[in-house]
Every structure is written in structure tokens, then in C-alpha cells.
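A quick write-up on the structure given underneath.
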Amino acid sequence: MGKKKVLVKVHPEGKYVVDLDKNIDINKVSATARVALRNDTYTLHKILPSKVDPLVSLMRVEKVPDSTYEMIGGLEKQIKEIKEVIELPIKHPELFESLGIAQPKGVILYGPPGTGKTLLARAVAHHTDCTFIRVSGSELVQKYIGEGSRMVRELFVMAREHAPSIIFMDEIDSIGGSRMNSSGGGSGDSEVQRTMLELLNQLDGFEPTKNIKVRRRASG
1 MGKKKVLVKV HPEGKYVVDL DKNIDINKVS ATARVALRND TYTLHKILPS
51 KVDPLVSLMR VEKVPDSTYE MIGGLEKQIK EIKEVIELPI KHPELFESLG
101 IAQPKGVILY GPPGTGKTLL ARAVAHHTDC TFIRVSGSEL VQKYIGEGSR
151 MVRELFVMAR EHAPSIIFMD EIDSIGGSRM NSSGGGSGDS EVQRTMLELL
201 NQLDGFEPTK NIKVRRRASG
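Read in UniProt numbering, the sequence shown has 173 at position 173, and its numbers run on one by one without any break.
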């Protein structure tokens, strides 16, 4: 709109063109930012922190895990493949840009419990200096319509704020089942499908996820 005015959406009233307070840097006002307006003049006077569900904020485990590849035994082939698919794009994105190819967005790890899948994910986060975010697929299965997909959106918002980051989705089977037609299954199945569709949208949608890698674990 200009250096002194911005367009804001006030729920449920509508959209307004408002003035910026002199202390607000317009470069810090993004399209999805939450802001506060003065009651009398509607001047934008404060940029609020992102609203994230408490359940989502608890999913963030640690800034950089202390696990390393040396702690993992017997997975030399898998470690090599993970380095090529996850570590290389994070450390050397220019290689993919020079070749004109898209970076891999994630991998699926499968196998019985206790075979090193979680440890491998933590080790990658350690060697790439990434924030490690762990979430169980069952945590995204909510009983209210739209809650699961909303949590997925907020999960990726948090991942972008702490990028570069690695999202480790445990028990992806909970939401990654086969799609059903509209006549089959109940409302619970429909909600699970909505959650999975939102996850796919976050991975392949319009929002950039260059500095976010997703690793999914499925029980074999």
C-alpha cells in the first residue's frame, strides 16, 4: 500500500487500510502477521507473535539434538542415502539450483520398532544444525472437524519460524491410510483424510519449504 499504510483484515468486520505507528518497521509486517490496532484511530501499533496451538508448541523437542551418525550401528547404506537426500540439500542447496532440479522434500523410514529410525532422524538434525520437531501422527487425529488440519498448518508455521528444521512424523500410518470415496467411512475417517490432505498441501503447496525437511516413520 505504501510506506505508511497497510491493508489489514479485522475479524469479523472486514478489511481496512490503516496507518502505521511511527515505531513500526514496515519491513517486519508480513502478509500473515498478527497485529494490534488502536481502538480510537485504528493505527497499527504492535506486531503480535504468531498464534500457535499449545499442543503444537510442545512438539518442538530441541534446537539441535546431540545424536550423531557414530551412535548408529548397522545402517551404513541408510545413512549414506539420508545424507544425499536430506543433508546435501540443506548444506549445499546451490548444487540443486545449478542443476535446475528441485530438492527432495522428505523421506519415509519404515521398519519394526527399535531399528534406529528416530535416532537416525535426530542424527541428521545434529549434523545439519537443524531444529528437531517430533510429532506423532496420532496427535494429529482430532475428534473435531478441522482441528487436525489446523494443527498441521500451525506445525509448519512453527517449523518455518525455526528454520532450518526437520519435522519427524512418527506413526504416520495414523493419518496416511488409503483414500476413500465420500460414501465410505464415517466422519472420523473423513477428518483423517482432511488432515492428510493438509499435510500434502503443506509439502507441495504454494508456501516455500526449502529449509524444512519432513521425515515420516511407518511401522513395518
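Glycine included, C-beta positions come from ideal geometry on N, C-alpha and C. Everything numeric in this text was worked out from a predicted model, so none of it was measured.
{"Query": "Less than 8 Å between C-beta atoms, sequence neighbours within five positions excluded: which residues of the same chain meet that for residue 10?", "Result": "16 and 37"}
{"Query": "Could you pull the start and end residues of the alpha helix (DSSP H) that residue 153 belongs to?", "Result": "147 to 161"}
{"Query": "Considering residue 37, what are the terminal residues of the beta strand (DSSP E) in which it resides?", "Result": "34 to 37"}
{"Query": "Around the C-beta of residue 213, are 16 or more other C-beta atoms found within 10 angstroms, so that it is buried, or is it exposed?", "Result": "buried"}
{"Query": "Tell me the rounded alpha-carbon separation between residue 64 and residue 40.", "Result": "45 Å"}
{"Query": "Hey, how far is the Cα of residue 255 from the Cα of residue 68?", "Result": "Within the shown structure, residues of the chain are numbered from 1 to 220, placing residue 255 beyond reach of any answer."}
{"Query": "Start and end of the alpha helix (DSSP H) containing residue 98?", "Result": "93 to 99"}
{"Query": "Assuming residue 106 and residue 216 make a contact with CB atoms under 8 Å, what is their CB distance in whole Å?", "Result": "7 Å"}
{"Query": "Pull up the distance between the alpha-carbon of residue 31 and that of residue 198, whole angstroms please.", "Result": "20 Å"}
{"Query": "Around the C-beta of residue 34, are 16 or more other C-beta atoms found within 10 angstroms, so that it is buried, or is it exposed?", "Result": "exposed"}
{"Query": "Skipping 5 residues on each side, what residues in its chain have a beta carbon closer than 7 Å to that of residue 121?", "Result": "166, 168 and 215"}
{"Query": "Is the beta carbon of residue 6 less than 8 Å from the beta carbon of residue 42?", "Result": "no"}
{"Query": "Look up residue 25 in the DSSP assignment and say whether it is helix, strand or coil.", "Result": "coil"}
{"Query": "Straight-line CA distance for residue 74 to residue 171?", "Result": "23 Å"}
{"Query": "Rounding to the nearest angstrom, what Cα-Cα distance links residue 91 and residue 12 in this structure?", "Result": "44 Å"}
{"Query": "Does the beta carbon of residue 100 come closer than 8 Å to any beta carbon on chain B?", "Result": "The question asks about chain B, but that chain is absent: this structure has only one protein chain."}
{"Query": "Nearest-angstrom Cα distance between residue 139 and residue 99?", "Result": "39 Å"}
{"Query": "What did DSSP end up calling residue 118 once you bin it into helix, strand or coil?", "Result": "helix"}
{"Query": "If you draw a straight line from the alpha carbon of residue 173 to that of residue 49, how long is it in whole angstroms?", "Result": "33 Å"}
{"Query": "Between which two residues does the beta strand (DSSP E) containing residue 166 stretch?", "Result": "165 to 170"}
{"Query": "Out of curiosity, what's the CA-to-CA distance linking residue 28 and residue 46?", "Result": "11 Å"}
{"Query": "Within the continuous alpha helix (DSSP H) that includes residue 77, where are the two ends?", "Result": "76 to 82"}
{"Query": "Please state whether DSSP places residue 137 in a helix, a strand or coil.", "Result": "helix"}
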